[in-house]
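Novice: Just so we're aligned: the sequence shown equals residues 418 to 874 in the working numbering.
No residue lacks a Cβ here, since even glycine has one placed at the ideal position from N, Cα and C.
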Amino acid sequence: MNFKSLFDETIVGISTALEKGAVSIIRLSGNNSIDLVNKVFKGKNLLNAKSHTITYGHIYDSKNDKIIDEVLVSIFRSPRSYTKEDVVEINCHGGILVTNIIFNLLVELGARIAEPGEFTKRAFFNGRIDLTKAEAVMDVIDAENKKALDVANSTMNGSIKKVVLSLQERLINIIAQINVNIDYPEYDDVEQLENEVIKPEIKKIKIETEEIINRAKDVFKIKSGINTVIVGKPNVGKSSLMNALLSENKAIVTSVPGTTRDAIEAKLNLGTITLNLIDTAGVRETEDVVEKIGVQITKEKIANADLLLAMFDGNKELTEEDYDILEQIKDKKHISIINKSDLEQKIDITKLDKYIYVSAKTQDNLDALEKEILNIVISKDFDPSKTSYISNARQLNCMQKAKEALDIALESIENQVDIDIIELYLKDAWFNLGSIIGNVEDDDLLDNLFSKFCLGK
Ligand SMILES: Nc1nc2c(ncn2[C@@H]2O[C@H](COP(=O)(O)OP(=O)(O)OP(=O)(O)O)[C@@H](O)[C@H]2O)c(=O)[nH]1
Ligand SMILES: [Mg+2]
Numbered sequence: 418m419n420f421k422s423l424f425d426e427t428i429v430g431i432s433t434a435l436e437k438g439a440v441s442i443i444r445l446s447g448n449n450s451i452d453l454v455n456k457v458f459k460g461k462n463l464l465n466a467k468s469h470t471i472t473y474g475h476i477y478d479s480k481n482d483k484i485i486d487e488v489l490v491s492i493f494r495s496p497r498s499y500t501k502e503d504v505v506e507i508n509c510h511g512g513i514l515v516t517n518i519i520f521n522l523l524v525e526l527g528a529r530i531a532e533p534g535e536f537t538k539r540a541f542f543n544g545r546i547d548l549t550k551a552e553a554v555m556d557v558i559d560a561e562n563k564k565a566l567d568v569a570n571s572t573m574n575g576s577i578k579k580v581v582l583s584l585q586e587r588l589i590n591i592i593a594q595i596n597v598n599i600d601y602p603e604y605d606d607v608e609q610l611e612n613e614v615i616k617p618e619i620k621k622i623k624i625e626t627e628e629i630i631n632r633a634k635d636v637f638k639i640k641s642g643i644n645t646v647i648v649g650k651p652n653v654g655k656s657s658l659m660n661a662l663l664s665e666n667k668a669i670v671t672s673v674p675g676t677t678r679d680a681i682e683a684k685l686n687l688g689t690i691t692l693n694l695i696d697t698a699g700v701r702e703t704e705d706v707v708e709k710i711g712v713q714i715t716k717e718k719i720a721n722a723d724l725l726l727a728m729f730d731g732n733k734e735l736t737e738e739d740y741d742i743l744e745q746i747k748d749k750k751h752i753s754i755i756n757k758s759d760l761e762q763k764i765d766i767t768k769l770d771k772y773i774y775v776s777a778k779t780q781d782n783l784d785a786l787e788k789e790i791l792n793i794v795i796s797k798d799f800d801p802s803k804t805s806y807i808s809n810a811r812q813l814n815c816m817q818k819a820k821e822a823l824d825i826a827l828e829s830i831e832n833q834v835d836i837d838i839i840e841l842y843l844k845d846a847w848f849n850l851g852s853i854i855g856n857v858e859d860d861d862l863l864d865n866l867f868s869k870f871c872l873g874k
């Protein structure tokens with residue numbers, strides 16, 4: 418059977434970054450892609466090339482018969498390609514000028530310049546991948562750290578899709594039972610069916626959606642960076658720690674208490690995760706107008722932090738200001754840091770619950786601090802290779818709507834609402850789950866439902 422794409426136009430895009438490099442790849446997708454490239458290609462006739470083959474030759478400008486570059490052309494025939502359409506990839510030399518000339522030749526011949534993400538969009542609309550996978554492709558490209566990449570790769574492999582399909586399947590089973598029971602009553606009354614079969618199963622499904630929603634929080638933190646705020650009274654060495662972790666002099670350091678006024682932010686990549694590291698103005702009572710504003714900003718940053726690095730000066734005894742900070746952090750995720758471990762220690766450590774010694778000046782023990790940050794930030798059981806994760810706000814929104822529909826269904830059973838109405842809520846949950854992966858056609862629901870009836874029940 419011939420595959421019929423949903424799109425008429427042939428598109429062209431430069432798939433590699435447009436900068437000097439060894440190789441550039443120009444990619445085309447659509448009915449005319451092989452024909453178009455063949456018009457500017459000297460070598461074997463590409464129209465006869467088999468799928469998944471590479472042909473050596475030259476790109477030339479037919480207007481003046483001038484050779485432009487020596488190239489390798491890969492052919493992927495429909496439907497066995499990324500977009501399910503005919504796809505051609507030209508590997509040319511990686512100069513910006515050469516790449517642009519070839520690209521422009523193809524546009525002159527009638528290829529349309531691809532929009533960002535259009536190849537993946539076609540892959541989705543032509544039924545090659547589901548929505549979560551399409552989004553995962555972007556996530557793989559955007560991943561700034563290893564954990565984010567792990568999540569994207571596991572989504573690419575369809576892990577969340579499998580979970581969603583199985584939840585949908587279980588909802589369909591309930592809907593089917595409701596319908597079957599109306600036609601061939603297996604249970605004496607609707608109430609018995611609801612209480613013995615429907616309610617417990619809806620509850621289970623709802624709990625699973627809740628777990629997925631809760632797990633998503635880890636993913637968002639990992640993708641967007643963990644807001645990590647360094648707090649402490651003036652002069653304990655917060656800016657020094659910021660600079661030491663970043664290996665650059667981002668924040669001004671002086672021996673004058675109250676040096677930092679504004680919050681200073683920078684990204685710190687710890688390999689597996691990324692921190693949005695924020696150095697703040699030291700917290701103290703002050704009459705200085707500018708410093709006062711700084712302290713106010715610090716308080717806001719504390720409120721929005723995922724993690725607090727509370728810093729104390731090991732060379733001094735704890736003061737009222739330190740106790741104030743301890744009070745502010747006690748209910749938040751935090752690590753207490755005793756700085757200036759290179760100096761004589763005068764701090765009373767019995768007042769701190771858990772702490773880690775460092776010296777921002779000599780950089781002593783900073784690796785232990787980084788390890789502790791990783792430990793504390795990511796749930797112990799965070800493992801995209803074993804568990805499925807929702808990976809963006811759109812998917813989360815659909816999952817939340819599905820959960821809400823299940824909540825209402827359960828409430829309705831409690832309130833003895835008519836079973837037809839409950840069935841509507843279950844269908845609503847089914848649709849919202851379907852929108853996560855993009856299969857929300859009305860027919861899908863009917864087909865699924867129909868297949869259940871055919872099981873002979
Ligand atoms: N010996 C020693 N001195 C340090 C260490 N860390 C910071 N200092 C010194 O402590 C002083 C204050 O350092 P900062 O990093 O500016 O302190 P801060 O907490 O940012 O201070 P504010 O911005 O005023 O709140 C400077 O003179 C630093 O050189 C350390 O580990 N050991
Ligand atoms: Mg500072």
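Could you please give the first and the last residue of the uninterrupted alpha helix (DSSP H) stretch that includes residue 669?
Specialist: For this step, residue 669 is matched to residue 252 along the sequence shown. Unbroken run through residue 669: none, as it is neither H nor E.
Novice: Tell me the DSSP bridge mates of residue 751?
Specialist: Within the sequence shown, residue 751 is the residue found at index 334, counting from 1. Partner(s): 725.
Novice: Ignoring anything shorter than 4 residues, give me the alpha helix (DSSP H) runs that lie fully in the region 510-546, in order along the chain.
Specialist: Counting only runs that start and end inside the region 510-546, the alpha helix (DSSP H) elements of at least 4 residues fall at 513-525 and 535-542.
Novice: Could you check the C-alpha separation between residue 720 and residue 714 for me, to the nearest Å?
Specialist: In the sequence shown, the residue the question calls residue 720 occupies position 303. In the sequence shown, the residue the question calls residue 714 occupies position 297. Approximately 10 Å between the Cα atoms of the pair.
Novice: Using alpha carbons as the reference points, say which of 770, 816, 767 and 777 lies closest to residue 759.
Specialist: Sequence index remark: in the sequence shown, residue 759 carries index 342 (1-based). Ranking 770, 816, 767 and 777 by Cα distance to residue 759 puts 777 first.
Novice: On the DSSP bridge assignment, give the partners of residue 773 in chain order.
Specialist: By 1-based counting over the sequence shown, the position of residue 773 is 356. According to DSSP, which records beta bridges pairwise, residue 773 is partnered with 754.
Novice: Using the beta-carbon count (16 or more within 10 Å), is residue 651 buried or exposed?
Specialist: In the sequence shown, counting from the first residue as 1, residue 651 sits at position 234. By the 10 Å Cβ count, residue 651 comes out buried.
Novice: Exposed or buried, which one is residue 801 when buried takes at least 16 other CB atoms within 10 Å?
Specialist: The residue given as residue 801 occupies position 384 in the sequence shown. Residue 801 should be labelled buried.
Novice: For residue 470, which of helix, strand or coil comes out of DSSP?
Specialist: Taking the first residue of the sequence shown as 1, we reach residue 470 at position 53. Looking at residue 470 - three-state DSSP - the assignment turns out to be strand.
Novice: Is the separation between the beta-carbon of residue 820 and that of residue 630 shorter than 9 Å?
Specialist: The residue you call residue 820 lines up with position 403 of the sequence shown. The residue you call residue 630 lines up with position 213 of the sequence shown. Yes, they are a contact pair.
Novice: According to the neighbour-count rule (16 or more other Cβ atoms, all chains shown, within 10 Å of its Cβ), is residue 688 buried or exposed?
Specialist: Taking the first residue of the sequence shown as position 1, residue 688 is located at position 271. Label assigned to residue 688: exposed.
Novice: May I ask whether a heavy atom of ligand 2 can be found less than 8 Å away from the beta carbon of residue 540?
Specialist: Within the sequence shown, residue 540 is the residue found at index 123, counting from 1. Incorrect: residue 540 has no Cβ contact closer than 8 Å to ligand 2.
Novice: If residue 584 sits next to residue 625, beta carbons under 8 Å apart, how far is it from one beta carbon to the other, in whole angstroms?
Specialist: For the purposes of this step, residue 584 is taken as the residue at position 167 of the sequence shown. For the purposes of this step, residue 625 is taken as the residue at position 208 of the sequence shown. Yes, residue 584 and residue 625 are in contact; Cβ-Cβ is about 7 Å, under 8 Å.
Novice: Could you tell me if the beta carbon of residue 698 falls within a distance shorter than 8 Å of some heavy atom in ligand 2?
Specialist: Walking along the sequence shown from the start, residue 698 turns up at place 281. Correct: residue 698 has its Cβ closer than 8 Å to ligand 2.
Novice: Going straight from the alpha carbon of residue 773 to that of residue 638, what length do you get?
Specialist: Here residue 773 refers to the residue found at position 356 when the sequence shown is read from its first residue. Here residue 638 refers to the residue found at position 221 when the sequence shown is read from its first residue. The straight-line gap from Cα to Cα measures roughly 24 Å.
Novice: Go through the region 798-862 residue by residue and report every complete run of the alpha helix (DSSP H) that reaches 4 residues or more, in order.
Specialist: 810-831 and 836-854
Novice: Assuming residue 569 and residue 551 make a contact with CB atoms under 8 Å, what is their CB distance in whole Å?
Specialist: Here residue 569 corresponds to residue number 152 of the sequence shown, with the count starting at 1. Here residue 551 corresponds to residue number 134 of the sequence shown, with the count starting at 1. About 12 Å; that fails the 8 Å criterion.
Novice: In chain order, which alpha helix (DSSP H) runs of at least 4 residues are fully inside the region 640-666?
Specialist: Counting whole runs of 4 or more residues, the region 640-666 contains the alpha helix (DSSP H) stretches 655-663.
Novice: Measuring alpha carbon to alpha carbon, tell me which of 672, 644 and 681 ends up nearest residue 749.
Specialist: On the sequence shown, residue 749 is found 332 positions in, with the first residue counted as 1. Nearest of 672, 644 and 681 to residue 749, Cα basis: 644.
Novice: With a cut-off of 8 Å on the beta carbons, I'd call residue 534 and residue 441 a contact; round off their distance for me.
Specialist: On the sequence shown, residue 534 is found 117 positions in, with the first residue counted as 1. On the sequence shown, residue 441 is found 24 positions in, with the first residue counted as 1. Contact flag wrong, Cβ pair sits at about 19 Å.
Novice: Identify the residues that DSSP records as bridge partners of residue 730: which are they?
Specialist: In the sequence shown, counting from the first residue as 1, residue 730 sits at position 313. Note: residue 730 sits in a beta bridge opposite 756.
Novice: Can you tell me the Cα-Cα spacing of residue 653 and residue 677, whole angstroms?
Specialist: Against the sequence shown, residue 653 aligns to sequence position 236. Against the sequence shown, residue 677 aligns to sequence position 260. Roughly 12 Å separates the two Cα atoms.
Novice: Pull up the CB-CB distance for residue 746 and residue 725, whole angstroms please, since I reckon it's below 8 Å.
Specialist: In the sequence shown, residue 746 corresponds to position 329, counting from 1. In the sequence shown, residue 725 corresponds to position 308, counting from 1. Sure, about 5 Å apart at Cβ, within 8 Å.
Novice: Let me confirm a value: residue 598 is counted as buried when at least 16 other C-beta atoms fall within 10 Å, else exposed. Which label applies?
Specialist: The residue given as residue 598 occupies position 181 in the sequence shown. Per the 10 Å Cβ criterion, buried.
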